[in-house]
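Heads up, the thing below is written out as structure tokens.
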Ligand SMILES: [Zn+2]
């Protein structure tokens, strides 16, 4: 989905392919046979539990991003203090407890 969205802006896609030396990616296009094989007739993408587990192991993220932590921990580049930053404040008030 992200790749498809990237392709919808072909100028930026071409620039990034050239910038990162991905000329073969530029001419390859989307792997439609693999996409078609992965979707059922209702356009559902069903992934085996083993695939989800592999994704979680390799990325450190939950398969369903709604199950990931809402907080990301960073180290301030200036003072190295550990900071806990919310990814989103969606469905929260304008000011969360972190900012009050
Ligand atoms: Zn700091």
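Residue numbers (our numbering): 8 to 107. Note that beta-carbon positions come from the ideal geometry of N, C-alpha and C, so glycine has one too.
Would DSSP call residue i helix, strand or coil?
| i | result |
| --- | --- |
| residue 27 | coil |
| residue 50 | coil |
| residue 15 | coil |
| residue 95 | coil |
| residue 20 | helix |
| residue 107 | The pLDDT assigned to residue 107 is 45, lower than 50, so where the model puts this residue is not dependable, and the model offers no usable value. |
Go to residue i, then tell me how far its alpha helix (DSSP H) extends in each direction, as first and last residue.
| i | result |
| --- | --- |
| residue 87 | Element bounds for residue 87: n/a, residue is neither H nor E. |
| residue 73 | First-last for residue 73: undefined, no H or E at that position. |
Quick one: measure Cβ to Cβ for residue i and residue j, integer angstroms, because I've assumed they're closer than 8 Å.
| i | j | result |
| --- | --- | --- |
| residue 93 | residue 77 | 6 Å |
| residue 82 | residue 75 | The pair is not a contact, with the Cβ atoms about 20 Å apart (cut-off 8 Å). |
| residue 14 | residue 33 | 10 Å between Cβ atoms; not a contact. |
| residue 80 | residue 65 | No, residue 80 and residue 65 are not in contact; Cβ-Cβ is about 20 Å, not under 8 Å. |
| residue 37 | residue 10 | 7 Å |
| residue 45 | residue 52 | 6 Å |
#### Entry: Nearest-residue set for ligand 1, Cβ under 5 Å from any heavy atom
83, 85, 86, 88
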